[in-house]
Ligand code: C2E
Ligand code: MG
Ligand code: MG
């Protein structure tokens, strides 16, 4: 902050300024020389013309003494003292000489005026006045003394002495004129130079002022100054433009405050008051001009006077409306869903955090309602995404109509919405009832028909509800997870309904999570094992084995694949698991090929849909075959009908590619999936495996017999062999094989799935 110059100190006069002592010194030396020469001449004249009065030598002696002492002072650089000493010394000498040599008529009196002028020049106006006053008093004293004849007798009139004094006085007068003229010329030159400098500087100041104004207009930042002493306010051009004030007038400050947005007035005044107490002033507020609202940022600093007290405020003003609008837009993009205008997940989590914190503090309950539209995908697929978007917007509007102003309705994405009901009181049961009431209201509202474009549409939601708060501390995602689970419960309960979160479901989810972690570890620790179940011909000859995976759990013992295969499919763990099974089965095939009793066996390996859909599935299988050295003609891959739901062309291509290497294919669990008979003819299959559920009822249920018989004849007509799974009794075997010509059989009647050693022993024992 600039500090103004200290005006209380006077600028030094020229005669006190060592820089200006050049001419002064010259003049002093001249004076000293003149005094010495004058004194010498007078002394000479006295010695020649009045040797009988040696006491008169006292006068020139005195002057010479003063001159010598003065010279000493000048030599020592004590110019100020030298001037004072010379002026007073010479004056005193003159007065003494006048007194003792004849009063005012004494020629020395001629020196008085010169001395007075000299004092004025060399010392100052006061010294000149002093010298003049003293001279007047001396003259009056001398005149009176003379009148009363107190003075010595009439002076000896000495022309030579008079002449020498006159010469010295003339010489000094001329020297003084020359030096004075010289000094004043210098002064004039200096003045001229200063005027030029001033003109140049004011030009520079004007041009930097113009540059500053332009810079302000480019940067859209104006400046202002406020003089706290005179209350004068100065605004730059840009500031006037920003505030729309053409001219600064009295009362502008008050008028400006009236234009400030009502809600911002008090904070602005408070900030200003704080600034006057020394706080930083950096404030944003709105001003209202008719329908237009603009954001202004003001920042100011105080300028202190020499005593540290503030004397001026320097401030800047900036129109930040555009930046504020951009900020608002960014916030809107970051926190709101663009389609529905509802808060998005980020904002919901933020508000949830606040409500949870309040619930922890005051033990109040709040509720989360998780909504998912039933069959929304169908609408999207049939009428297109634009229509889907229209429905979502209408749902958003209806949801907003079902809640109070303080509640939050958010869209998580897709057709998922969350409603947060905050502050439902401290009783759990009343809070649950309140949440249920709102849930019912939402169900009713969303069940009303929708007008989507020209279509009448019906849509229903499934709603999951959970309470949170009530003094309970939990991670922020927990209530959301619970509401989500409850929503799945309401889907499972037939949709278009609401369900509260059920802790049993939580237990299932936790078990699944534990199972997943365990399975992951099992893969690493190699806790998986293969069991082999024999496959026999109708005549009882053993032709092959199906490899079935088990988990040798360290605590639970042998875990059935029914418990973990679907989880492995959901989590993707089926991929490493499937690769391991394939690897083990093929290695086993190679080992059996080396043993005469086992060499003829085929190996059936189950392949899950997710595994088969991997783009490099064919390459993976071929690589395993190559690595293990297994005979691909002895390998049979079992696929399930669930695979056939998508992209049949790709499936056929993969099957054909593997079949070209001799790999065979069976369709497992036939009859339980969505098999379309039209695919059966197109897929390069070798076998069909009738599901156990049909075989099970074959002895008692005529329908089961009919299905088995039809499946077998269909398969045969398509050139496929048939395997019956789950054959447990001889009657089943006979009915299937003898009665309907089923080619192969598999089931507990022959053997359960066996560990490797037992299976090999079983084969060799036959
Ligand atoms: P699946 O492929 O249909 O296998 C036949 C299942 O029926 C086996 O159950 C087997 O033990 C059982 N089974 C065989 N004969 C009888 C019988 O006479 N009576 C009864 N009640 N059951 C019989 P498991 O071993 O529990 O396997 C269940 C399913 O797990 C398999 O059904 C298969 O879909 C899947 N699975 C097993 N291992 C694997 C594998 O390595 N990969 C894949 N992706 N799935 C596998
Ligand atoms: Mg199977
Ligand atoms: Mg099966």
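Residue numbers (the numbering used here): 3 to 768.
A virtual CB, placed ideally from N, CA and C, is assigned to each residue, including glycine.
Keep in mind it's a predicted model, so treat the numbers as computed, not measured.
DSSP, read as helix, strand or coil, puts residue 595 in helix. For residue 227, the uninterrupted beta strand (DSSP E) segment begins and ends at 223 to 229. When the Cα atoms are used, residue 311 and residue 263 turn out to be separated by approximately 32 Å. Excluding its 5 nearest sequence neighbours in each direction, residue 408 has C-beta neighbours in its own chain below 8 Å: 424 and 425, listed in chain order. A distance criterion of 7 Å places the beta-carbon of residue 665 beyond contact range of ligand 1, judged by its closest non-hydrogen atom.
For ligand 2, no non-hydrogen atom lies closer than 7 Å to the CB of residue 571.
For residue 287, the enclosing beta strand (DSSP E) stretches over residues 283 to 291.
Separation of residue 657 and residue 648 (C-alpha to C-alpha, rounded to the nearest whole angstrom) is 15 Å.
Taking non-hydrogen atoms of ligand 1 into account, the C-beta of residue 694 is found less than 7 Å away from one of them. Three or more beta-carbon pairs drawn from the segment 362 to 369 and the segment 413 to 423 are found closer than 8 Å, and the two stretches are therefore classed as touching.
Its Cα nearest to that of residue 175, the residue 123 stands out among 212, 123 and 217. Residue environment for residue 471: buried (at least 16 other C-beta atoms within 10 angstroms of its C-beta). DSSP places residue 374 in the strand class (E or B) of the three-state scheme. For residue 320, DSSP records a beta bridge to 223 and 299. Residue 662 is classed as exposed because its beta carbon has fewer than 16 other beta carbons within 10 Å across all chains shown. Taking every protein chain shown into account, the CB of residue 192 has fewer than 16 other CB atoms within 10 angstroms, so this residue is exposed. Remark: three or more beta-carbon pairs, one from each stretch, lie closer than 8 Å, so the segment 575 to 589 and the segment 529 to 539 are flagged as touching. By the Cβ test, the segment 351 to 360 is not in contact with the segment 459 to 469, since fewer than three Cβ pairs between them sit closer than 8 Å.
At least one heavy atom of ligand 1 lies less than 7 Å from the C-beta of residue 549. Per DSSP, the continuous beta strand (DSSP E) segment holding residue 534 begins and ends at 530 to 539. When the beta-carbon positions are compared, residue 637 and residue 669 stay at least 8 Å from each other.
As the crow flies, the alpha-carbon of residue 135 is around 21 Å from that of residue 65. Sixteen is the threshold: when 16 or more other Cβ atoms of the shown chains lie within 10 Å of the Cβ of residue 486, as they do, the residue is buried.
Bounds of the alpha helix (DSSP H) holding residue 764 are 758 to 767. Under the three-state reduction of DSSP, residue 152 is assigned to coil, being neither helix nor strand. In this chain, the alpha helix (DSSP H) harbouring residue 736 covers 732 to 736. Residue 617 and residue 609 have their C-alpha atoms roughly 14 Å apart. Taken in chain order, the complete alpha helix (DSSP H) segments of 4 or more residues contained in the segment 432 to 514 are 479 to 494. Distances from the CA of residue 721 to each of 684, 534 and 615 were compared; the closest alpha carbon is that of 684. If the five residues before and after residue 749 are omitted, its C-beta is found closer than 7 Å to the C-beta atoms of 727, 728, 729 and 730, all from its own chain and listed in chain order. In its chain, beyond the 5 residues on either side, 700 have a beta carbon closer than 6 Å to the beta carbon of residue 707.
Relative to ligand 1, residue 748 has its C-beta within less than 7 Å of a heavy atom. With a 10 Å radius around the Cβ and a threshold of 16 neighbouring Cβ atoms, residue 259 comes out exposed. Residue 692: not part of any alpha helix (DSSP H); member of the beta strand (DSSP E) spanning 689 to 692, first to last residue.
Residue 230 is a Cβ neighbour of residue 315, given a cutoff of 8 Å. Beta-bridge partners assigned by DSSP to residue 723: 689.
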